[in-house]
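Chains as they are written, first to last, in the numbering used here: chain R, 14 to 347; chain Y, 14 to 347.
This report concerns only the one structure given below.
Protein chains: 2
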Amino acid sequence: MSAHAPQYAVGVDLGGTNIVVGAMSFDGAQLHGLQSVPTHASEGADAVIARMARMVNDTIEATMRETGVPREAFIGVGVGAPGTVDRETGRVLKAPNLGWHDRPLNDPMARLTGLPVEIDNDANCATYGEWWLGAARGGVNVIGVTIGTGVGGGVIIDRRLYRGSSYAAGEIGHTTIDLDGRRCGCGNYGCLEAYASGTAIAGRAQEALASDESSALRRMVDGDLSRITAALVYAAAAEGDVVALEIVRDTARVLGAGIANLLNIFNPDVVVIAGGVTQAGDALFEPLRKEVRRRAFKSVSDSCRIVPGTLPGTAGVVGAVAAFIAQTTGRPPV
Amino acid sequence: MSAHAPQYAVGVDLGGTNIVVGAMSFDGAQLHGLQSVPTHASEGADAVIARMARMVNDTIEATMRETGVPREAFIGVGVGAPGTVDRETGRVLKAPNLGWHDRPLNDPMARLTGLPVEIDNDANCATYGEWWLGAARGGVNVIGVTIGTGVGGGVIIDRRLYRGSSYAAGEIGHTTIDLDGRRCGCGNYGCLEAYASGTAIAGRAQEALASDESSALRRMVDGDLSRITAALVYAAAAEGDVVALEIVRDTARVLGAGIANLLNIFNPDVVVIAGGVTQAGDALFEPLRKEVRRRAFKSVSDSCRIVPGTLPGTAGVVGAVAAFIAQTTGRPPV
């Protein structure tokens, strides 16, 4: 292998539901050997780590077949984990969705793969992925907001991930935007997540429909309100359903207030919003941008673009590779 | 002058009410030649800049007398201005309290003082001053909140001031903490500043007293509610006045929610709170810290100290010197 042969890293996006793995060369040209399998977190941490390691090895072999590069081209593994991680010791400190509490991850993964492993938070990785190769490309100060089951966040300052003083920065979902507002899963009141997560959107629709017999949304689930999802709420809104439209509008308003807060605090050049609900497109982004302009300072909102992510499903893997490169080379990937 | 003679910079804290100036050696040992004079912003920018330049020269002469150092020891001037500044061009882009819009500051100041000038935002300077020599000393990631007529903020990331993508970061006072809350001076609703600034505290007391004839606070101003200030509200609370106590408690609750947001977003190791209302001491800080613990993640709140500033009146000057040193030497002062 020549000194100029491309180097590859493997990215792992460890989620509560699925594990996604792919390999990428340091130039970010293409994602190879992409796989996604269920996490089966209930089988325990050892089983999940063994599964991740097997996927890493499978991805390396698939990439070798696809590209013809030798095994020595693969120099390490980046992992994004759903919770608080200690990057220095390579441990997952707390990952409620996995049921993990202070679990070593880097060491067992390194033993099973024979490669050095770097770990980071999954929302950080998703933000870094969108910054490296997605919608936030070229940004200097970037906020990533991921809206799924919860509302997560990642912060890039001067092209580097910002992690805070105890690896817990970016908990954007748990900022108060309504002092005496809705109860949040975290136990607090009025958190952004209590309004804008996919779970919250579905929950608010269920509440609204309890006293509304005529909504199209109710018919879409044959009257079984427990089947309502955020995606269905947006679909019903697209068909003009009044209840759904009101929830979509109110979600945009709340999310807009939360993002305006981030603008006034960080004065970023890009906010990238990712996750399932962004499929709602303009129905979400138009009122959201309007609310941000209403609440953020003009100079701040004029100098920031608010965009949907462009790497659905792979931002976490791409970002885990990028975080590995940044950690290994000491500078952000280019 | 020997190669090892101490170097000095002059710091200027340009406020809407007063200009404060002092000189300091790069080792931060002592503030010399401190002066404070009224700004008289109504006389116009040229008059204010000429006044600042005279003060700088007076401070240099006073410092020379006090310390015996030669004029060549003074290598520059740092200015903290109340608004948005462009550090590269040395202009004040917008300073509502001064009535300035896109005014050059560095060039005229440099002509009048014969020294290089660096400019920064005043809340940034105050935060940097508390970090260099005050309550936030030793911090790595620090948030400064200054509560006066308004609520300002400064952000230090990895020991450096963070200014955002268009010099407007840190507008903590204009984050929404109550979606449909009180109208703010900025035109928006539910901003932190609309509850927690000195002006807001006095205003809320006036509103509460309009329907309360018995409060001690009313007697303290001989029934003239327009004379109520935040300081009087805290004094009345200290005497057990029910109306004042309720406002003090509610202010701590709102401020606690706003600061908890900063903790969950930044995961800082220090939050330093400065400004007049911090004189309320434990009456403010105890309920405030309690509310922060209630709303911020435990690991985040456990790793952060929330402290009052220890450089009242001089944090801005000290920070302007520190910002000048950082800009000139390329690294934070030690």
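By construction, the Cβ of each residue, glycine as well, lies at the ideal position given by its N, Cα and C atoms.
Note that the coordinates shown come from a computational prediction; the quantities given were computed from them, not determined experimentally.
State whether the region 86-93 of chain R contacts the region 326-344 of chain R, with contact taken as three or more CB pairs (one from each stretch) at a distance under 8 Å.
yes
Within 9 Å of any Cβ in chain Y, is that where the Cβ of Met14 (chain R) sits?
Low confidence applies to Met14 (chain R): its pLDDT is 46, below 50, so where it sits in the model is not reliable enough to give any reading.
Give me the Cα-Cα distance between Asp135 (chain Y) and Ala339 (chain Y), rounded to the nearest whole angstrom.
16 Å
Cutting at 7 Å between CB atoms, please list the residues of its own chain near Asp193 (chain Y), excluding the five before and the five after it.
Tyr202 and Gly203
Put Pro321 (chain Y) into one of helix, strand or coil per three-state DSSP.
strand
Run through DSSP, which three-state label would Gln48 (chain R) get?
Looking at Gln48 (chain R) - three-state DSSP - the assignment turns out to be strand.
contact_flag[the region 151-167 of chain R, the region 286-305 of chain Y] where n(CB pairs < 8 Å) is 3 or more
no
Apart from the five residues just before and just after Ser15 (chain R), which ones in its own chain have a Cβ nearer than 7 Å to its Cβ?
Caution applies to Ser15 (chain R), whose pLDDT of 48 falls short of 50 and renders its modelled position unreliable; the value that the coordinates give is listed next. Nothing meets the Cβ criterion.
Among all the DSSP beta bridges, which residues are the ones paired with Phe87 (chain Y)?
Answer by DSSP bridge pairing, in chain order: Y:Tyr21.
Partner residues on chain Y for Tyr175 (chain R), Cβ-Cβ distance less than 7 Å:
Ile170
Alpha helix (DSSP H) segments (min. 4 residues) lying fully within the region 164-251 of chain Y:
206-209, 211-222, 229-233 and 243-251
Measuring CB to CB, does Ser210 (chain R) end up less than 9 Å from Val313 (chain Y)?
no
Ignoring anything shorter than 4 residues, give me the alpha helix (DSSP H) runs that lie fully in the region 244-305 of chain R, in order along the chain.
255-279
With a threshold of 7 Å on Cβ separation, who are the neighbours of Thr162 (chain R) within its own chain once the five nearest residues in sequence on each side are excluded?
Ser210, Gly211 and Thr212
Between the CA atoms of Pro345 (chain Y) and Ala336 (chain Y) - distance to the nearest angstrom
8 Å
Closest Cβ-Cβ distance between Glu184 (chain Y) and chain R: below 9 Å?
yes
Shortest alpha-carbon distance to His187 (chain R) belongs to which of Y:Asn274, Y:Ala257 and Y:Val153?
Across the set Y:Asn274, Y:Ala257 and Y:Val153, the C-alpha of Y:Asn274 shows the shortest separation from the C-alpha of His187 (chain R).
By DSSP, does Asn70 (chain R) sit in helix, in strand, or in coil?
helix
Give every residue of the same chain whose Cβ lies closer than 6 Å to the Cβ of Ala215 (chain R), excluding the five residues on either side of it in the sequence, and list them in chain order.
Here the set comprises Ile241, Thr242 and Ala243.
What does DSSP give as the partner residue(s) for Lys107 (chain R) in the beta ladder?
R:Thr97 and R:His114
Proximity to Asp71 (chain Y) [Cα-Cα], best of Y:Gly112, Y:Val255, Y:Leu245 and Y:Thr126:
Nearest C-alpha to Asp71 (chain Y): Y:Thr126.
Determine the chain Y residues that contact Asp59 (chain R) at a beta-carbon separation under 8 Å, and present them in chain order.
What Asp59 (chain R) touches in chain Y: nothing, since even the nearest Cβ is about 25 Å away.
CA nearest to the CA of Leu27 (chain R), picked from R:Arg84, R:Asn137 and R:Glu79:
Comparing Cα-Cα distances from Leu27 (chain R) to each of R:Arg84, R:Asn137 and R:Glu79, the minimum goes to R:Asn137.
When the distance is taken between beta carbons, is Ile88 (chain R) closer than 9 Å to Leu128 (chain R)?
yes
Residues of chain R with CB closer than 8 Å to the CB of Thr162 (chain Y), please, in chain order.
Near Thr162 (chain Y) there are no residues of chain R at all, since even the closest Cβ is about 18 Å away, more than 8 Å.
Against chain Y: residues of the region 190-223 of chain R by CB proximity under 7 Å:
Ile190, Asp191, Leu192 and Asn201
Given 8 Å as the limit, is there contact between the region 140-155 of chain Y and the region 249-263 of chain R, that is, 3 or more CB pairs closer than that?
no
Between which residues of its own chain and Met68 (chain Y) is the CB-CB distance below 8 Å, once the five residues before and five after are set aside?
Val25, Ile32, Val34, Gln48 and Val50
Could you run through the region 294-316 of chain R and flag, in chain order, every residue whose CB is less than 9 Å away from some CB of chain Y?
Arg307, Arg308, Ala309, Phe310, Ser312, Val313, Asp315 and Ser316
Taking 9 Å as the CB-CB cut-off, is His114 (chain Y) touching chain R?
no
Within the continuous beta strand (DSSP E) that includes Glu131 (chain Y), where are the two ends?
Val130 to Asn134
Note down, in chain order, every chain Y residue with its Cβ under 9 Å from the Cβ of Ile349 (chain R).
Absent from the structure is residue 349 (chain R), since the part of chain R shown begins at 14 and ends at 347.
Per DSSP, what kind of secondary structure is Gly329 (chain R) in: helix, strand or coil?
helix
So, with DSSP's three-state summary, where would you put Asp26 (chain Y)?
Asp26 (chain Y): strand per DSSP, three-state reduction.
Between Val267 (chain R) and chain Y, is any beta-carbon pair separated by less than 9 Å?
yes
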